[in-house]
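To start, the structure under review is shown below, and the notes come after it.
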Amino acid sequence: MTTSLFVGVFAGAILSGTSLLYATLGETIVERGGIVNLGLEGVLLVGASVGFAVTVATKSAWLGVAAAAIGGGLTNLLFGWLVIVRKANQLASGLAIMFFGVGASALIGGPYVGAVIAGLPKWRPSFLAALSWVKPTTLFNYDILVWCVVPIAVLVWWILFQTRWGLALRAAGESPTAVFASGRNPAVFQLQGLLVGGVLGGLGGAHLSLSLTLTWAEGMTAGRGFIAIALVIFSKWHPIRAIAGALIFGGAEALQLQLQARGAEISPFLLDMIPYVLTLLVLLAWGGAGRLAAPASLGRTFYGSE
Amino acid sequence: MSAERSIQGCRSFPVLRLSARYAGVAAIVLVVFAGVLLLAGKDPIKAYADTFRYSLANFYGFSELLVRMTPLILTAVAVAIPSRLGLINVGGEGQLFMGAWAATAAALLLPWLPVWILLPVVTVLGFAGGAFWAAIPGILRARKLVNETIATLLLNYVAPLIVSYFIFGPWRSAESSAYPQSPAFPEAARLPSLFNTRINFGLFIALTVLLAYWFLMEKTRWGVDMRSIGGNAEAAQRLGIPVATYVVVALAIGGGIAGLAGMEEVSGIHHHLTQGLSPGYGFTGFLIAWLAGGRPLGMLLMTFLFAVLISAGDILQISQGLPYSVVNILLAMILFVVLNRNFGGRWSK
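Protein sequences appear in the order of chains A and B. Letter by letter, the first sequence follows residues 3 to 308 of the working numbering. Letter by letter, the second sequence follows residues 24 to 372 of the working numbering.
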């Protein structure tokens, strides 16, 4: 009984952690460039609704995933227009993107409420399926977005820390003036970072609607965007540590579902609070320690060379 | 020449200048949103005409605008007070729910009290519920542990769950099976309504709070202290202003005022604690305070504009079959236009 609970939580943690990890990786790239996007919740909603609508309309989950990635990227570029080109306040612009995402996703997903989709195909490698303790469970039976997420985290790490582009992006997040003085335009790197981050956020949203729930419902992201922003702080702006963070928070959600499914004598509303309270507690425990790891110019607007 | 004079004429009347500016923003947004409605296959002219007909052009519709304005004034002040310190309170929604929850607790647990005791107790508890909910991020921020923006946002998701727990559990009314809600408020715990409409005494509370906010900020030492903290917290600290105390108290008072909005909704409008207390009043209040730069008169004008928008959301839902959340696109567009023109005032830097 306890082992099956453990396996259930672990399998669930991977499933619900996937969308969180995509969102966290996207926000990590954006924040490494010195931009805070509080509108991540809106990006996830756009990804989830566009992905679902295109999947229903074309009957192809693959096109849905592609459309969600494009939708997420475009939403982040809209944000980039405001905060980088027009130099608007990042927090207010982020909230504007959140409102935009809530409204636009309701409009896009509205006609498809209740539609039935097959979702992304799942696949389990035969050598894993042959193991006796894996066979009766849903463990390792995942779709492509789950299988790709950890390699993508490693890729994000490689791009951020091992390439010239990553160096320039991180420099733009630490000291845009220095990047400017070296003859590069920090705004270009930040916009490219936002585009990549938006694509990842769109994929996170797509995983929610096309794999995890197989439905579209208004506000279905339920604050995952904000939890992902907290996860970025938790992982100290590092893509590899973000994997652990996403697993812990995915685990909290999975534990809550497992307890409900097993008829625990706890109100589901109290269980639903776990992810948010856990996020606050983690931020609290990390306290000031995380701030030292933050990009030095995070959230500041660069007005050009001074 | 005459245009120039009229602009100068406007300058000497802040109301006219503010109204002209807000009307300009509204015009741009209405044109763009008409495009969105066309894309969705709806008729924007009919939508706008319906909004005008059902909200501005008759007495009942107009009274409903005042009903909408009441919680919005309160949630806007709830954001404006901490913003004087440079704090961003995006938790009005959660604070509203906790205010409604605490007010309901008073109404259900002390129904035998006479009206002149019970109603003040309900009001004070409504304030206390919201204040408690905002004091948590306040303390975390004052101790430099957690950024108040993230903390207030996260608590928005917890408060409605607490309300749901109570109305599905201990406070579930026996009469409501399909649509869970608390038992009805006793008469003594209901804010009196006015002119046979849904306008209630809460409107006076809201206007009093707005006036008190203006007085506090412009005429008292506290207002000066708060502005100096917002300008340069470190300098203020060295001048001997207790910055940490101000941070906690300002957020708690702001939260308490958002709690009053929840109290007003539950005691003046619904008379039951329900899940559907607020169509995003907390978030809309943030927009109002931000767009008006925390200026009392600007907030009053903006509140009116947003009351019209929220009614438009209802009307779009009923007459055009669009989800209510679509009104969020309108809110976002107002922000986009303002951010793009970069005249957000104090918070634009």
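Even glycine gets a Cβ: it sits at the ideal position worked out from N, Cα and C.
- Taking 4 residues as the shortest admissible run, the stretch 185-264 of chain A contains the following complete alpha helix (DSSP H) segments, listed from N- to C-terminal end: 188-209, 226-236 and 241-263.
- Under a criterion of Cβ atoms nearer than 8 Å, the residues of chain B adjacent to Y278 of chain A are, in order, L177, L178, Y180 and V181.
- If you draw a straight line from the Cα of G47 of chain B to the Cα of L108 of chain B, it is about 30 Å long.
- Excluding its 5 nearest sequence neighbours in each direction, L171 of chain A has C-beta neighbours in its own chain below 8 Å: I31, R34, G35, L162, F191, Q192, Q194 and G195, listed in chain order.
- By the criterion of a C-beta distance shorter than 6 Å, A315 of chain B is surrounded in its chain by G321, M322 and M325, once the five residues flanking it on both sides are discounted.
- For the C-beta of T326 of chain B, not a single chain A residue is nearer than 8 Å; the gap to the nearest is close to 17 Å.
- Within the stretch 255-284 of chain A, S269, F271, L272, D274, M275, Y278, V279, T281 and L282 place their CB atoms closer than 8 Å to a CB of chain B, listed in sequence order.
- With contact defined as three or more Cβ pairs closer than 8 Å, the stretch 94-112 of chain B and the stretch 338-346 of chain B are not in contact.
- Contact between the stretch 203-218 of chain A and the stretch 43-56 of chain A is present, with at least three C-beta pairs closer than 8 Å.
- Y202 of chain B counts as exposed, since fewer than 16 other C-beta atoms from the protein chains shown sit within 10 angstroms of its C-beta.
- A71 of chain A sits close to V201 of chain A, with the two beta carbons spaced by under 7 Å.
- In this model, L47 of chain A and L109 of chain A are separated by some 11 Å (Cα to Cα).
- In this chain, the alpha helix (DSSP H) harbouring F85 of chain B covers F82 to S106.
- Unbroken alpha helix (DSSP H) runs of no fewer than 4 residues, entirely contained in the stretch 249-311 of chain B, are found at 256-261 and 266-287, following chain order.
- Between V144 of chain B and A129 of chain B, the gap from beta carbon to beta carbon is short of 7 Å.
- Between E116 of chain B and G305 of chain B, the C-beta spacing is below 7 Å.
- Two segments are said to touch when three or more pairs of C-beta atoms, one from each, lie closer than 8 Å; by this definition the stretch 144-154 of chain B touches the stretch 277-291 of chain B.
- Listed as beta-bridge partners of D145 of chain A by DSSP are A:K124.
- Boundaries of the alpha helix (DSSP H) harbouring W288 of chain A: I276 to W288, taken from the DSSP string.
- Around the beta-carbon of G207 of chain A, 16 or more other beta-carbon atoms lie within 10 Å, marking it buried.
- In this chain, the alpha helix (DSSP H) harbouring I162 of chain B covers V138 to A165.
- Rounded to whole angstroms, the separation of the alpha carbons of L79 of chain B and A330 of chain B is 11 Å.
- Look at S196 of chain B here: in three-state DSSP terms it is coil, with no helix or strand label.
- Chain-order list of chain A residues neighbouring T98 of chain B: empty, with the shortest C-beta distance near 14 Å, by a criterion of under 8 Å.
- Residues of chain A whose Cβ lies closer than 7 Å to the Cβ of N112 of chain B do not exist; the shortest such Cβ separation is about 12 Å.
- Look at S334 of chain B here: in three-state DSSP terms it is helix.
- Spatial neighbours of G291 of chain B in its own chain (CB-CB distance under 6 Å, excluding positions within 5 residues in sequence) are listed in chain order as L214, N223 and G225.
- DSSP places S6 of chain A in the helix class (H, G or I) of the three-state scheme.
- In this structure, L184 of chain B keeps its C-beta atom at 7 Å or more from the C-beta atom of A174 of chain B.
- Annotation: the continuous alpha helix (DSSP H) that includes V181 of chain B extends over E171 to F191.
- Rounded to whole angstroms, T307 of chain B and P137 of chain B show a C-alpha spacing of 35 Å.
- Just measuring C-alpha positions, the residue of A:G75, A:P113, A:P153 and A:V181 sitting nearest R166 of chain A is A:V181.
- With fewer than 16 neighbouring CB atoms inside 10 Å of its own CB, T231 of chain B falls in the exposed class.
- With respect to the 7 Å criterion, A235 of chain B and V102 of chain B are not classified as neighbours on the basis of their beta carbons.
- Flagged as an interface residue toward chain A: P346 of chain B, by a C-beta distance shorter than 7 Å.
- About 7 Å separates the beta carbons of G49 of chain A and L205 of chain A, which is inside the 8 Å limit, making them a contact pair.
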